[in-house]
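Oh and the sequence shown: position 57 is 57 in full-length UniProt numbering, straight run, nothing missing. The C-beta atom is built at its ideal place from N, Cα and C for all residues, glycine as well. Below is one structure, written out as structure tokens, with a few remarks after it.
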Amino acid sequence: MTGFGKASKQLSTKKITVEVKSLNSKGLDLNVRMPSVYREMELGLRNVISQKLERGKVDFSIYIEVTGEETSSKINVPIVRGYINQMKAVIPNADETELMKMAVRMPDALKTERDEIDENEWNEILKVVNDAMKNIASFRLDEGKSLENEFVTRIENIRNYMNQAVSMDAERIETVKNRLRTALEELEANVDENRFEQELIFYLEKYDITEERVRLENHLNYFIETIAGTEANGRKLGFITQEIGREINTMGSKSNHSEMQKLVVMMKDELEKIKEQVLNVL
1 MTGFGKASKQ
11 LSTKKITVEV
21 KSLNSKGLDL
31 NVRMPSVYRE
41 MELGLRNVIS
51 QKLERGKVDF
61 SIYIEVTGEE
71 TSSKINVPIV
81 RGYINQMKAV
91 IPNADETELM
101 KMAVRMPDAL
111 KTERDEIDEN
121 EWNEILKVVN
131 DAMKNIASFR
141 LDEGKSLENE
151 FVTRIENIRN
161 YMNQAVSMDA
171 ERIETVKNRL
181 RTALEELEAN
191 VDENRFEQEL
201 IFYLEKYDIT
211 EERVRLENHL
221 NYFIETIAGT
231 EANGRKLGFI
241 TQEIGREINT
251 MGSKSNHSEM
261 QKLVVMMKDE
271 LEKIKEQVLN
281 VL
């Protein structure tokens, strides 16, 4: 959701500049800054922005720079004359130029007249707004492509670590069997081999990671399918990463093997990096 868009246009007496900046956020947090003369148009403008951006902490600003002979501030002539007359009464011989300089700095010496919104001008402003929105959309699209490449790389890293862990499974099971046999031999106990095999199978089932591997494989594939879709999918990706994490944690708790646990830690590290970036997806 991170992005920046800017557009500007020169009118006959004004330069219009629109800036849009967005950061990560679960919902849409929109802050609009615009000249007070256009404030009555803010609600409609918010609707346009929310439809275009959907999510993110968004700062939207419209700047108007007067470049021609136009100003909404005018000298309040009666007030200024009143100040000058009052100061003359206090300082009869004062220079009028100096009195004028002092008078225009006094309260209410300038008055601001509220202009009515020019419909043609507002339409021009909306065109600049649309250009800025297109620019931020383009920025987000470029960022999205970079994120997609990173997601694919990290998902494949998790898949590779998972496959390495699975390749150790036979060795791990054999190690567990040997450890149990050694323990029984040290006890010098007579053991029914058939009963021992039955108990061993039951015991090893608790360490079997086949189901976790299958589910993890499915979640990884689903993640890749989802990022290839055309709809907004940030929340869905967040849910998928939770399921991926659940299977990785279960594999870690069942592994009972130091090298396999190292691979589990590496999978978790890759997943955390994915989670950080998923927050930046609509």
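| query | result |
| --- | --- |
| Distance, N47 Cα to E10 Cα | Residue 10 is actually Gln in this sequence, not Glu. Computed Cα separation, rounded: 25 angstroms. |
| Inter-stretch contact at 8 angstroms, needing at least 3 Cβ pairs: the region 208 to 220 / the region 246 to 253 | yes |
| Burial state of I274 (16 or more Cβ within 10 Å) | buried |
| Residue range of the unbroken beta strand (DSSP E) whose run includes residue 290 | The displayed coordinates of the chain run from 1 to 282. Any statement about residue 290 would go beyond what the structure contains. |
| Classification of S12 by the beta-carbon crowding that lies within 10 angstroms, buried from 16 upward | exposed |
| Close Cβ partners of V152 (< 8 angstroms) along its chain, the five nearest in sequence each way excluded | I224 and I227 |
| For F60, the residue or residues it bridges with in DSSP | V20 and V32 |
| Whole-angstrom C-beta distance between N256 and V166, which should lie under 8 angstroms | With a Cβ gap of about 15 angstroms, V166 and N256 do not count as contacting. |
| For I75, the three-state DSSP class (helix, strand or coil) | strand |
| Segment limits, alpha helix (DSSP H) that includes Y222 | T210 to I227 |
| Beta-carbon proximity check, S25 vs T17, cutoff 7 angstroms | no |
| Per DSSP, cross-strand counterpart(s) of V90 | Partner(s): none; V90 has no beta bridge. |
| Euclidean distance between Cα positions of V77 and Y63 | 30 angstroms |
| Environment of G3 [buried if 16+ CB atoms lie within 10 Å] | buried |
| Cα-Cα separation between L141 and K236, rounded to whole angstroms | 19 angstroms |
| Where the alpha helix (DSSP H) containing N233 begins and where it ends | Careful: N233 lies outside any alpha helix (DSSP H) and carries neither H nor E. |
| Under 7 angstroms between C-beta atoms of I136 and G27 | no |
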